[in-house]
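**Q** So that we are looking at the same thing, I have put the structure below in structure tokens.
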Amino acid sequence: MKKKLMSGLVAAALLGTVVLPVSAQNLAIVNGKPVPKERADALKLQVEKSGRPITPEVEGQIKEEVIAREIFMQEAKKRGLEGSADYKTQLELARQTILIRELFADYQKKNPVTDAEIQAEYDKFVASNSGKEYKASHILVENEDQAKSIIAQINKGAKFEDIAKKESKDPGSGARGGDLDWANPSNYVAEFTEALVKLKKGEMTAVPVKSQFGYHIIRLDDTRDAQLPKLDEVKPQIAQQLQQAKLAKFQEDLRSKAKVQ
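Here's what the structure looks like:
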């Protein structure tokens, strides 16, 4: 009899006719109310999207979180909070936020950034940043007389780096003895760039260079061909920027087409 019953269960399982008890399809039963397992699955999906691995410990935490939420929701309903104006307002705002997020996700899914677009953007980056890079140092001070005095001191043998550390009002480069590291000259303000590109390696400006920041004493330490990253190194950043630009244009287009009275 036992063997016959077991055989019947196996056959039913193979035919897909065994129906599991309702309790087996739920995560738990709280105060007599079943808590669907789907709630934990949805929360698990959110955790996975955040990049956190789903370990047995995390699964336990998710289960406890879902159960706690059910307990708190039951208490909130018992107190009649579902009917409050504040709850209804927040619920509507949350609904709008979720729906808008789905709209943007749907647009991005249907309008992915292509490799051709990434390549074109990289080519523009290379074109605008190719050429020479300059390794410069500078000392920045408030007034022209102070700058002239510093130039005179350096010409008499004072060390550029020591004066930069003591006198420069640019705290970043000043702490490094005036070192601005390698950069494309176009990164600097026009007056600085104009003076810098006229210098020879190891040469310092003979007169102070005035800019919106004050007076600069500039020294050219070295030059080299621009060192640009390879496409593979910056591809994720370019893709993200293009994706954001596409989404921003989508939003602007919708806004411009909307009839607002």
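Residues -24 to -1, 1 to 237 in mature numbering (1 follows the signal peptide of the UniProt record, and there is no 0) are what the sequence shown spells out, letter by letter.
C-beta atoms are modelled at their ideal positions from N, C-alpha and C, and glycine is treated no differently.
For V102 and R15, what's the separation of their Cα atoms in angstroms?
**A** Taking the first residue of the sequence shown as position 1, residue 102 is located at position 126. Taking the first residue of the sequence shown as position 1, residue 15 is located at position 39. Those two C-alpha atoms are separated by around 49 Å.
**Q** Which stretch, first to last residue, makes up the beta strand (DSSP E) that contains residue 238?
**A** Here the chain covers residues -24 to 237 and nothing more, so residue 238 does not appear.
**Q** Give me whichever residues DSSP pairs with M180 in a beta bridge.
**A** As a first step, residue 180 must be located in the sequence shown, where it is residue number 204. For M180, which the question treats as bridged, DSSP gives the partners R195.
**Q** May I ask you to report which of helix, strand or coil DSSP gives R152?
**A** If you number the sequence shown from 1, residue 152 lands on position 176. Here R152 sits in coil by DSSP.
**Q** State the CB to CB distance for the pair A175 and S144, rounded to an integer number of angstroms; the pair is presumed to be in contact (CB under 8 Å).
**A** By 1-based counting over the sequence shown, the position of residue 175 is 199. By 1-based counting over the sequence shown, the position of residue 144 is 168. The sequence given here places Leu at residue 175; Ala does not occur at that position. In fact, because the Cβ distance is near 18 Å, the residues do not count as touching under 8 Å.
**Q** Express the C-alpha separation of T73 and Q66 in angstroms, rounding to a whole number.
**A** Taking the first residue of the sequence shown as position 1, residue 66 is located at position 90. Taking the first residue of the sequence shown as position 1, residue 73 is located at position 97. Rounded to whole angstroms, Q66 to T73 spans 10 Å at the Cα level.
**Q** Count the other CB atoms within 10 Å of the CB of G59; is the residue buried (16 or more) or exposed (fewer)?
**A** Taking the first residue of the sequence shown as 1, we reach residue 59 at position 83. So G59 ends up on the exposed side.
**Q** S162: buried (16+ other C-beta within 10 angstroms of its C-beta) or exposed?
**A** Counting from 1 along the sequence shown, the entry for residue 162 is found at position 186. So S162 counts as exposed.
**Q** In angstroms, rounded to a whole number, what distance separates the CA positions of E167 and A140?
**A** Mapped onto the sequence shown, residue 167 falls at position 191. Mapped onto the sequence shown, residue 140 falls at position 164. Using only the alpha carbons, I get a separation of about 20 Å.
**Q** Beta carbon of D198, beta carbon of K211: below 9 Å?
**A** For the purposes of this step, residue 198 is taken as the residue at position 222 of the sequence shown. For the purposes of this step, residue 211 is taken as the residue at position 235 of the sequence shown. The Cβ-Cβ distance between D198 and K211 does not fall below 9 Å.
**Q** Just mark E118 as buried or exposed, buried being the case when its beta carbon has 16 or more other beta carbons within 10 Å.
**A** The count along the sequence shown starts at 1 and reaches residue 118 at position 142. Flag for E118 reads exposed.
**Q** Taking the C-alpha atoms as reference points, what is the distance between K225 and I76?
**A** Numbered from 1 along the sequence shown, position 249 holds the residue referred to as residue 225. Numbered from 1 along the sequence shown, position 100 holds the residue referred to as residue 76. Their backbone Cα atoms lie some 15 Å apart in a straight line.
**Q** Let me check one thing: in DSSP terms, what residues is I5 bridge-paired to?
**A** Within the sequence shown, the letter at position 29 stands for residue 5. For I5, which the question treats as bridged, DSSP gives the partners P10.
**Q** Let's test the definition: count the other Cβ atoms within 10 Å of the Cβ of S113 and tell me whether it reaches 16, buried, or not, exposed.
**A** Residue mapping note: residue 113 aligns to position 137 of the sequence shown, counting from 1. Its Cβ being crowded by 16 or more others within 10 Å, S113 is buried.
**Q** How long is the line joining the alpha carbons of V(-3) and L57, rounded to whole angstroms?
**A** Position 22 of the sequence shown, counting from 1, holds the residue named residue -3. Position 81 of the sequence shown, counting from 1, holds the residue named residue 57. With a pLDDT of 44 at V(-3), under the threshold of 50, the modelled position of that residue is not reliable, and no figure is offered here.
**Q** For the beta strand (DSSP E) that contains S187, what are its first and last residues?
**A** Residue numbering aside, residue 187 sits at position 211 when the sequence shown is read from its first letter. Unbroken beta strand (DSSP E) run through S187: 185 to 187.
**Q** Excluding the 5 residues flanking I43 on each side, which residues of the same chain have their C-beta closer than 8 Å to its C-beta?
**A** Taking the sequence shown and counting its residues from 1, the one referred to as residue 43 is at position 67. Excluding residues within five positions, the ones whose Cβ falls inside 8 Å are L3, A4, V6, V11.
**Q** Could you check where the alpha helix (DSSP H) with E143 kicks off and where it finishes?
**A** Stepping through the sequence shown from its first residue, residue 143 is reached at position 167. Segment 136 to 143, the alpha helix (DSSP H) holding E143.
**Q** Measuring alpha carbon to alpha carbon, tell me which residue in Q237, L207, S106 is nearest K159.
**A** Mapped onto the sequence shown, residue 159 falls at position 183. With the sequence shown as reference, residue 159 is identified as Ala, and Lys is not the correct amino acid for it. Minimum Cα-Cα distance from A159 among the listed residues Q237, L207, S106 corresponds to S106.
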